[in-house]
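Taking it in order: structure first as structure tokens, then the write-up.
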Amino acid sequence: MESKAIANGIIRAVITLVTITLLVYFLYKIKTVIIYLVISLLLSMIGSPIVDFFRKKLRFKNTLAVLTTLSLFGVIIASFFLMFIPLINSQATHISLLDSKTLSTQIEHLIIQLESFLNTNGFKADQILNKNNLTKYLNFHFLSEFLNTFINTISNFGMGIASSFFITFFFLKDRAIFLRLFKNILPDEHEEKIIASFKKIDFLLLKYFSGILLQLLIVFILYLIVLFFFNVENSLIIAFICAVLNIIPYIGPLIASVLAVTLSLLGSFNGSINAEMLYHSLYILIGFFIVQFIDNNFSQPIIFSNSTNSHPLEIFLVILIFGFLFGIMGMIIAVPSYTILKVIGKEFFPDNKFIHSLTKNL
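Residue numbers (full-length UniProt numbering): 1 to 362.
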């Protein structure tokens, strides 16, 4: 009898493990759809007060109020991309001056100068800098490949925006139906918990997005100071784009730094490259690293810890897990998604010790 119970326990454990594995695999395969749903849910939460304003204050019909709200979102997104037009026009002029062979020769010449400088000052240039290995990879014909990648990225992004807006439209238009359906799924005794969860989620997400906007404003001002100080062309637009990239945790600031250095190089490019341009770019990179140091050690811990009531290490691990499962978009939606899960966990599983330890500050 005991051996039979052990065998049944092993079978149940195997079935449970296989089920969990299949579920995780299934969620991983539909991760794009999950991301669209989460983005749509967040957009609907942000848009709900706006829809209510149009319906109650301006007497709009429900469908018209929803369409007007989504149009506002569309105008904001379109305005952001329209900011790129003067920047692209400006950089296209400099890129047209690019001659890959001449540029490669000039960089090789700069490497020779750097070797001479290192040897003169007592450094072993052969150990620090291997000219052959460095110049071997200098290939400036990557622009066409980069352009194809860029076009694919824009296409995927456009599809994501369209899909999210389509789902958001029905979340906003039929939110009463979805809420009623959600209530019907759960027992009646949980109705108060559902209402409390929605109110708490709205409050915490409002705090979180307010914190995001405050962080972006701080980073934007600091980036702008650095770019203005070094007289970079289109400083205002570049600083804004780099600040928005900061929304992507950990990777965003790195992309912003590379973008700023690249655009500053192109902005000062007049057909030839020299050491002064490289020093100028290096100073900008150092300036951006200082901004990131200030942001990572002062503004972010204070803003996000207060807005999400979570420990910085907790946030880091959540972002890491979501990034591993869902990529860059997962990193962006990690904190608000985790906040929603914490609220639901606290309302429905308050006696669970693990959940209680995570949600005691909510």
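From the three backbone atoms N, C-alpha and C, an ideal C-beta is built for every residue, glycine too.
Given residue i as reference, the closest of the options once Cα atoms are compared
i	options	result
residue 153	342, 171, 194, 328	328
residue 210	85, 310, 303	303
residue 340	199, 155, 265, 299	199
residue 223	260, 157, 13, 350	260
residue 33	82, 166, 8	166
residue 193	15, 349, 213	349
residue 24	279, 326, 79	326
residue 35	164, 116, 47, 76	164
residue 289	317, 177, 242	242
residue 37	16, 116, 180, 160	160
residue 203	30, 46, 13	46
residue 308	75, 212, 79, 287	212
Residue i - DSSP class collapsed to helix/strand/coil
i	result
residue 264	helix
residue 312	helix
residue 20	helix
residue 208	helix
residue 350	coil
residue 232	coil
residue 250	coil
residue 61	coil
residue 328	helix
residue 361	coil
residue 85	helix
residue 30	coil
residue 202	helix
residue 174	coil
residue 6	helix
Residues of its chain near residue i, where Cβ-Cβ distance is below 7 angstroms and the 5 sequence neighbours each way are ignored
i	result
residue 197	343, 344, 347
residue 18	none
residue 51	65, 66, 69, 172
residue 137	Since pLDDT at residue 137 reaches only 49, below the 50 mark, its modelled position is unreliable, and the value read off the structure follows with that caveat. So the list is empty, once near-sequence residues are dropped.
residue 291	219, 222, 223, 226
residue 62	55, 173
residue 85	none
residue 10	none
Span separating the alpha-carbon of residue i from that of residue j
i	j	result
residue 255	residue 174	39 angstroms
residue 54	residue 338	30 angstroms
residue 132	residue 201	Because the pLDDT of residue 132 is 48, which lies under 50, any placement of that residue in the model is unreliable, and the number read from its coordinates should be weighed accordingly. Roughly 57 angstroms separates the two Cα atoms.
residue 310	residue 276	45 angstroms
residue 358	residue 233	47 angstroms
residue 239	residue 157	22 angstroms
residue 321	residue 59	44 angstroms
residue 182	residue 195	11 angstroms
residue 21	residue 83	45 angstroms
residue 27	residue 7	30 angstroms
residue 170	residue 278	52 angstroms
residue 73	residue 352	40 angstroms
residue 262	residue 323	26 angstroms
residue 264	residue 312	33 angstroms
residue 15	residue 361	36 angstroms
residue 300	residue 317	15 angstroms
residue 315	residue 116	47 angstroms
residue 57	residue 207	25 angstroms
residue 244	residue 180	37 angstroms
residue 155	residue 12	45 angstroms
8 angstroms Cβ shell around residue i - same chain, five flanking residues per side excluded
i	result
residue 42	205, 333, 336
residue 246	215, 216, 219, 252, 253, 256, 295
residue 185	none
residue 77	161
Contacting residues, own chain, Cβ-Cβ under 6 angstroms from residue i (five flanking each side not counted)
i	result
residue 445	With the chain represented from 1 up to 362, any question about residue 445 goes unanswered, as that position is not in the structure.
residue 319	249, 331, 334
residue 355	345, 349
Distance cut-off 8 angstroms: residue i Cβ against heavy atoms of the ligand SAH
i	result
residue 82	Here there are no bound small molecules, and the ligand SAH is not part of this structure.
inquiry  = With a threshold of 8 angstroms, are at least 3 pairs of Cβ atoms found where one atom belongs to the region 277-296 and the other to the region 221-233?
reply    = Three or more Cβ pairs closer than 8 angstroms define a contact, and the region 277-296 meets that threshold against the region 221-233.
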